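This report refers to the structure that appears directly beneath it.
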Amino acid sequence: MREVYVVGAGITSFTRLEYPLSEIAAYPAMLALKDAGLSKVDHVYVANMGAARLNHQSGLASAVVDTLSLTPAGAEVIENGPASGASAIKTGFLAVASGLHDVVLVTSAERLREVNNLEATDFVATLSHPLAEYIYGVTLPSLAAMFTRLYMQKYGVTERHLAMVAVKNHDNALLNFFAHLHEKITLEGILDSPEAMTNNPYVAEPLRFFDCCPVSDGGACVILASAEVAKKLKKPLVRLAGVGQATDSHCVHERAEPTDLLAVRGAAAQAFKMAGVTPGDVDVAELHDAFTILEIAESEEAGFFKKGQGHLALERGETRIGGKIPINTAGGLKARGHPTGATGVAQAHEIVLQLRGEAKKRQVKDARIGFTCNFGGFGNNVVCLVFKRED
Amino acid sequence: MSVDVEKILRPIDNPIPPFPPKYMMLAGGEEMVIRQVNREDIPDILCHVEPLLHVERDYYDVVAARLYSELLAYYRHRVQDEYVLVAQIDGELVAVVNGRLLSKEVGMSYHTMALRRGLRVGAHAFASKMEYHLDIIGQKEVLIVAESPIGFRRWMIEYGLEQRFNIAHELGGVPSWALTKELFNKARETLVVGRRPVPKHLLEKAQAAILPPTDPPKAPADLLAATRSMYDSTGTALMSQRWKQEGKL
Numbered sequence: 000m001r002e003v004y005v006v007g008a009g010i011t012s013f014t015r016l017e018y019p020l021s022e023i024a025a026y027p028a029m030l031a032l033k034d035a036g037l038s039k040v041d042h043v044y045v046a047n048m049g050a051a052r053l054n055h056q057s058g059l060a061s062a063v064v065d066t067l068s069l070t071p072a073g074a075e076v077i078e079n080g081p082a083s084g085a086s087a088i089k090t091g092f093l094a095v096a097s098g099l100h101d102v103v104l105v106t107s108a109e110r111l112r113e114v115n116n117l118e119a120t121d122f123v124a125t126l127s128h129p130l131a132e133y134i135y136g137v138t139l140p141s142l143a144a145m146f147t148r149l150y151m152q153k154y155g156v157t158e159r160h161l162a163m164v165a166v167k168n169h170d171n172a173l174l175n176f177f178a179h180l181h182e183k184i185t186l187e188g189i190l191d192s193p194e195a196m197t198n199n200p201y202v203a204e205p206l207r208f209f210d211c212c213p214v215s216d217g218g219a220c221v222i223l224a225s226a227e228v229a230k231k232l233k234k235p236l237v238r239l240a241g242v243g244q245a246t247d248s249h250c251v252h253e254r255a256e257p258t259d260l261l262a263v264r265g266a267a268a269q270a271f272k273m274a275g276v277t278p279g280d281v282d283v284a285e286l287h288d289a290f291t292i293l294e295i296a297e298s299e300e301a302g303f304f305k306k307g308q309g310h311l312a313l314e315r316g317e318t319r320i321g322g323k324i325p326i327n328t329a330g331g332l333k334a335r336g337h338p339t340g341a342t343g344v345a346q347a348h349e350i351v352l353q354l355r356g357e358a359k360k361r362q363v364k365d366a367r368i369g370f371t372c373n374f375g376g377f378g379n380n381v382v383c384l385v386f387k388r389e390d
Numbered sequence: 000m001s002v003d004v005e006k007i008l009r010p011i012d013n014p015i016p017p018f019p020p021k022y023m024m025l026a027g028g029e030e031m032v033i034r035q036v037n038r039e040d041i042p043d044i045l046c047h048v049e050p051l052l053h054v055e056r057d058y059y060d061v062v063a064a065r066l067y068s069e070l071l072a073y074y075r076h077r078v079q080d081e082y083v084l085v086a087q088i089d090g091e092l093v094a095v096v097n098g099r100l101l102s103k104e105v106g107m108s109y110h111t112m113a114l115r116r117g118l119r120v121g122a123h124a125f126a127s128k129m130e131y132h133l134d135i136i137g138q139k140e141v142l143i144v145a146e147s148p149i150g151f152r153r154w155m156i157e158y159g160l161e162q163r164f165n166i167a168h169e170l171g172g173v174p175s176w177a178l179t180k181e182l183f184n185k186a187r188e189t190l191v192v193g194r195r196p197v198p199k200h201l202l203e204k205a206q207a208a209i210l211p212p213t214d215p216p217k218a219p220a221d222l223l224a225a226t227r228s229m230y231d232s233t234g235t236a237l238m239s240q241r242w243k244q245e246g247k248l
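So the protein lines, in turn, are chains A and B. Take 0 as the starting number for the first sequence in numbering that gives the first Met the number 0 and just add one per residue. Take 0 as the starting number for the second sequence in numbering that gives the first Met the number 0 and just add one per residue.
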């Protein structure tokens, strides 16, 4: 396989965006093309989860490629639930690595706020098992709440640990202009004060309001290219060095140990093996914290900490910027926001900025290896990526 | 014989008990003081409400215009039995709420305006206003309307207000909703917060000056967003859900 480099990156604000979905995908693509200094690509991949159902838009990739005046480049949509973003990057990786294309543009867009909150929650719930979960009213917050309850019983995670994730990621988001939530929160305000239960009520006990990501619109883009192309461009060389993907049982209750996220474990191991690095080599990571418990659990399954000890590392401040392994420096899904299909690309965007040294106030010093975990379903389809700074 | 027209135009306010100041901690750890202000404080508030007349977002323009006139009428003695509460963080004005007594037993809620968005600033101020009517003055119910979808979700849906569609509200004659003492009691544990007495240093800072909002609401960058905020499908969906459960649909 040929080596694959990230040569351009762009992102929109994650918020409520009042533009057609194709424009939301095109805007970060234009920024990425400008960043790379390119005007043409061989192929366009568009990551998206809900265009047809939420936005009455089919054939999104055809609209995007035309909006960008990139015709006659090939174009297609990649849908893999909330892991659509990293799946699209993986597909782009394969296209360049195989020699099929030299330059591919992987953009993404989601406009969840087109519909009301009930419909958005219902839409995301459709990724659960249709007969064993969805018809009984299962939603992602309810699955995450049951998972959290088990995690608390088994490993001693408390609501305070969950709140610490939220506080950390809100702090990081304050350093990210593009983040959805620019609100400082404190443990006292959301957990300890007499007003905490009103400020931060239960959504699905034990998960509270500030344990859940917001519903966001947004888009992000990366451009992948062969070594031959990348080395001609005047950008720091960031290589997409490892790609891993794994699945797990669709129904969470069919897992032998529901607190084990085997798809994360498998996908991360594959990505590290391909990149020739270990979790201990990683300088900065983007994990899929749609719910605060997931940042803790994924940090263990990816291998940064032993199983059941992620919350202890959090207590020690190891996952903060300046800590041993900073996690979710852009705010994570928790505070940067979670436009489902675009999230995986936004994670890659952040890692590229970090490895280039362009993350400004949230820059992790001397970051050279980055990791992303894009979590589809409730851990039933996970894509992990490893990036390396090479010059 | 001379006639003092002012005596005719100026309503005679009924004595009502004052609102004892309270404070609460927001999610961000800031302590917000809610207190009653007097007529002489109104000019210090009007200057911060006026800029919002030009903010076409979530009905801030409509609410600001109406609130401005209500505050001015209170200042100039042209409305009976009105009161005004303000919410302040370190002296900064973050919310204004007002209303009046329609009768001894019924209150008329006027407006709730958050000058800092997020973290339930407006919701806490509204809850304090309801506490004033129902707990402190001792009224039986408060008539309420909402101009914005956000207000509708916060009041009509979160408190489960009862319809009083046969009563025209003073704000444009639109149908009224009502928060009864019973509904307020139900909401008390989850929506109504605050501590008394307010520590001296917090109260003194609040009383020293009404400082301008540091991050007031702004108009959206594009008109599409302004248009979008004129309706709220989540509110519609939630009300449909509730009415279905109650067998009204």
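All C-beta atoms, glycine included, are put in the ideal place defined by N, C-alpha and C. These numbers were taken from a predicted model, which means no experiment stands behind them.
Residue j beta carbon less than 7 Å from that of residue i
i, j, result
"Arg209/B", "Leu100/B", "Note on identity: in this sequence residue 209/B is Ile, with Arg being the wrong assignment. No, Cβ-Cβ distance for Ile209/B and Leu100/B is not below 7 Å."
"Pro27/A", "Cys212/A", "no"
"Asn327/A", "Thr246/A", "no"
"Asn373/A", "His249/A", "no"
"Tyr4/A", "Ala224/A", "yes"
"Gly316/A", "Gly309/A", "no"
"Leu67/A", "Ala25/A", "yes"
"Arg163/B", "Ala186/B", "no"
"Ala366/A", "Gln353/A", "yes"
"Asn116/A", "Thr233/B", "yes"
"Pro212/B", "His110/B", "no"
"Val40/A", "Val102/A", "yes"
"Ile63/B", "Leu52/B", "The amino acid occupying residue 63/B in the given sequence is Ala; Ile does not appear at that position. Their beta carbons are under 7 Å apart, which means Ala63/B touches Leu52/B by this criterion."
Residues near residue i in its chain [Cβ-Cβ closer than 7 Å; skip 5 each side]
i, result
"Leu53/A", "Arg110, Leu111, Glu113, Val114, Phe122"
"Ser291/A", "Per the sequence presented here, residue 291/A reads as Thr, with Ser not at that position. The answer, listed in chain order, is Leu161, Val164, Ala165, Asp210, Lys333."
"Leu20/A", "Ala50, Asn54, Gln56, Leu59, Ala108, Arg110"
"Leu118/B", "Leu25, Ala26, Gly27"
"Val214/A", "Leu111, Arg112, Asn116, Ala119"
"Val64/A", "Val43, Thr70, Ala72, Ala74"
Euclidean distance between Cα positions of residue i and residue j
i, j, result
"Gly217/A", "Leu237/B", "25 Å"
"Gly121/B", "Thr179/B", "20 Å"
"Val251/B", "Arg148/A", "Residue 251/B is absent from the structure shown; chain B starts at 0 and stops at 248."
"His337/A", "Pro19/B", "42 Å"
"Glu204/A", "Ala144/A", "6 Å"
"Thr157/A", "Arg355/A", "36 Å"
"Ala299/A", "Lys359/A", "First, the amino acid is wrong: residue 299/A is Glu here, not Ala. The alpha-carbon atoms of Glu299/A and Lys359/A are separated by roughly 28 Å."
"Cys383/A", "Lys305/A", "18 Å"
"Asp191/A", "Lys183/A", "16 Å"
"Asp60/B", "Gly331/A", "34 Å"
"Leu293/A", "Thr185/A", "20 Å"
"Ala270/A", "Gln244/A", "8 Å"
Chain-order list of residues whose beta-carbon lies under 6 Å from that of residue i (same chain, five-residue window excluded)
i, result
"Ala329/A", "Asn175, Arg335, Glu349"
"Tyr339/A", "Per the sequence presented here, residue 339/A reads as Thr, with Tyr not at that position. For Thr339/A, where only same-chain residues beyond five positions count, the Cβ hits under 6 Å are Met48, Pro81, Glu109."
"Ile15/B", "Ile136"
"Ala226/A", "Glu2"
"Gly419/A", "The first residue shown for chain A is 0 and the last is 390, placing residue 419/A beyond what the model contains."
"His76/B", "Arg9"
"Glu389/A", "Leu236, Arg238"
"Ala126/B", "Leu190, Val191"
Sequence-distant residues of the same chain with beta carbon closer than 8 Å to residue i, five excluded per side
i, result
"Arg254/A", "Asp247, Ser248, Leu261"
"Leu92/A", "As written in the sequence, residue 92/A is Phe, which differs from the Leu given in the question. Closer than 8 Å at the Cβ level, and outside the excluded window around Phe92/A, lie Val3, Leu223, Leu239, Val242."
"Val78/B", "Pro10, Glu69, Ala72, Arg99"
Check: For the segment 50–75 of chain A, which residues have a CB atom closer than 8 Å to at least one CB atom of chain B, in sequence order?
Finding: none
Query raised in the report: Are three or more beta carbon pairs between the segment 191–208 of chain B and the segment 68–84 of chain B nearer than 8 Å?
Result: no
- Using 8 Å as the threshold, is the segment 135–143 of chain B in touch with the segment 100–117 of chain B, meaning 3 or more CB pairs across them? yes
In chain order, what residues of the segment 174–198 of chain B put their CB closer than 7 Å to some CB of chain E?
Absent from the structure is chain E; the protein chains it does hold are A and B.
### Query
Is the segment 176–183 of chain A touching the segment 236–244 of chain A in the sense that three or more CB pairs, one from each, lie closer than 8 Å?
no
* Asked: Quick check: the segment 36–45 of chain B against the segment 74–90 of chain B, are there 3 or more CB pairs under 8 Å?
  -> yes
key: chain A contacts from the segment 22–33 of chain B (Cβ-Cβ distance under 7 Å)   = Met23, Met24, Leu25, Ala26, Gly27, Gly28
If the cut-off is 7 Å on Cβ atoms, which residues from the segment 100–133 of chain B count as contacting chain A, listed in chain order?
Gly117, Leu118, Arg119
Output needed in chain order: residues of the segment 285–298 of chain A with a Cβ under 7 Å from some Cβ in chain B. none
At a CB distance below 8 Å, what residues from the segment 327–344 of chain A approach chain B? Give them in sequence order.
none
*Return the residues of the segment 252–273 of chain A that lie within a Cβ-Cβ distance of less than 8 Å from chain B, sorted by chain order.*
none
Interfacial residues, the segment 106–128 of chain A to chain B, with Cβ spacing under 8 Å | Val114, Asn115, Asn116, Leu117, Glu118
Check your understanding: Going along the chain, which residues of the segment 199–213 of chain B sit with their C-beta nearer than 7 Å to a C-beta in chain A?
Key -> none
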